[in-house]
Each structure stands twice: as C-alpha cells, then as structure tokens.
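Asks: Going by the working numbering, the first residue of the sequence shown is number 57, and it counts up by one from there. Glycine is no exception: its CB is placed at the ideal position from the N, C-alpha and C atoms.
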Amino acid sequence: DEARFSWNAGVKGGFSRFTNAPIFPDNVDTDWVGDVGVGEESSLRENVLAAYGSLNLQLTEKTSAAVGLRYEHTTSDLQSADGTQLIDRSYGDLFPSVYLSHQLREIVTVSTSYARRITRPTFNVMAPFIYFLSPTTFFTGSTALQPAISDALKADVSVGSVFASVEYAWVTDPIARFQSRVIPEANV
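#1: Give the C-beta separation of residue 238 and residue 206 to the nearest angstrom, bearing in mind that I take them to be a contact with Cβ-Cβ under 8 Å.
#2: Pick out whichever of 64, 123, 108 and 223 has its Cα sitting closest to the Cα of residue 209.
#3: On a CA-only basis, which of 117, 197, 130 and 204 is nearest residue 105? Give me that one, please.
#4: With DSSP as the reference, identify every bridge partner of residue 233, one or two as the case may be.
#5: According to DSSP, is residue 241 part of a helix, a strand, or is it coil?
#6: What does the Cβ neighbour count give for residue 98, buried or exposed, with the cut at 16 atoms within 10 Å?
#7: When you compare only the Cα positions, how much space is there between residue 117 and residue 204?
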C-alpha cells in the first residue's frame, strides 16, 4: 500500500493602521469643551508577515497525518500625538502543528494533535484611551500587554456519531479583558 500526500505553502501579510482621537465633551459654563484627561490621541501601525507550509499524508488506508509549520513576524508601533513612543515591538516565532488519525474499526476513529498559536492584543485593549460605560465606570487599554502564545495537546475519539475530546493547553502571557479595579478616592 503506497502512501499518498499533498502539500501547500504560501505567504501572507496583514497591514493595519489606526488612529484614535478621544474627545469627551464637558459642559464648562455654557460651552462644550473637550476633556483631554480621558485619554490621548494615538496611532497604531502593525505589520504581520507570515510564511507557512503543510504536508498531508495518507500513511495507510486507515492512518493519516498532517504536519505544518508557520513563521510569523510582527512589528507594532504605537505612538501618541506628540510622537512619544508607547509601543515599539518587533518579534517573530515559529508555530508548528502535528495531527495523527487512525481508524480502529469501521465506526471508531482516534486522533491526536499538537498546535502552537498566537493571539495578539488588539488595538482597543492596548490603546491608551478611555471608553465610558457610565460616569463612574469605564475601561481603558494597557500598553503593557504582550501577545499570548498557546500550546495545545488534543485527543479525540469518535464512535459513529458520538464524539469525545479532551484538550490541555498552556498559555504564556494570557490576555484577560476587563479586569476590574476600584479607585475609591476617585469614586471610579
């Protein structure tokens, strides 16, 4: 029995530009003026370049495998309106993936996989602006956020139309949105 295979490869690029200019109107005397204390104007430039390749193998009639490798390089530049550098990052990493599946019986299949992934913080969780939910409740971005890297191991079993799966993942620098903090002296 001869093994069959297919492969693919490619490149991808994503280029983002975003400018944020927050204005929170406040009634002073009889005039509405912008309150600059609620955030600062900022602009983000982010480039993501990637190259990838994958190989799908039909090892036997009942066993298949797939392996893949992606390299991503990201540059992020976040600046305030006066040119102050808030974020200046350049990083790259490899993201492998492996998958193996075997049909034990006509209706029973088992598979296992490993994959490494990246989740980059979005502009609205990084940018130094304030989004008001009420006069005393708001959220703001954090320029200290780093990309989250996850590694996941997974095992699956299917018996006919019943499917069971277990996965274990570990994440470096997880991004947890909307972490509450109370500032009693400011009543916020």
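Replies: This is what the structure holds:
#1: Working through the sequence shown from its first residue, we reach residue 238 at position 182. Working through the sequence shown from its first residue, we reach residue 206 at position 150. About 31 Å separates the two Cβ atoms, so there is no contact after all.
#2: To locate residue 209, count along the sequence shown from 1; it is residue 153. Comparing Cα-Cα distances from residue 209 to each of 64, 123, 108 and 223, the minimum goes to 223.
#3: Looking up residue 105 in the sequence shown gives position 49. Taking the Cα of residue 105 as reference, the smallest distance to any Cα among 117, 197, 130 and 204 is reached at 130.
#4: On the sequence shown, residue 233 is found 177 positions in, with the first residue counted as 1. Residue pairing by DSSP places residue 233 opposite no residue, since no beta bridge is assigned to it.
#5: For the purposes of this step, residue 241 is taken as the residue at position 185 of the sequence shown. Taken through DSSP and simplified to helix, strand or coil, residue 241 comes out as helix.
#6: For the purposes of this step, residue 98 is identified with residue 42 of the sequence shown, where counting begins at 1. Around the beta-carbon of residue 98, 16 or more other beta-carbon atoms lie within 10 Å, marking it buried.
#7: Position 61 of the sequence shown, counting from 1, holds the residue named residue 117. Position 148 of the sequence shown, counting from 1, holds the residue named residue 204. Roughly 38 Å separates the two Cα atoms.
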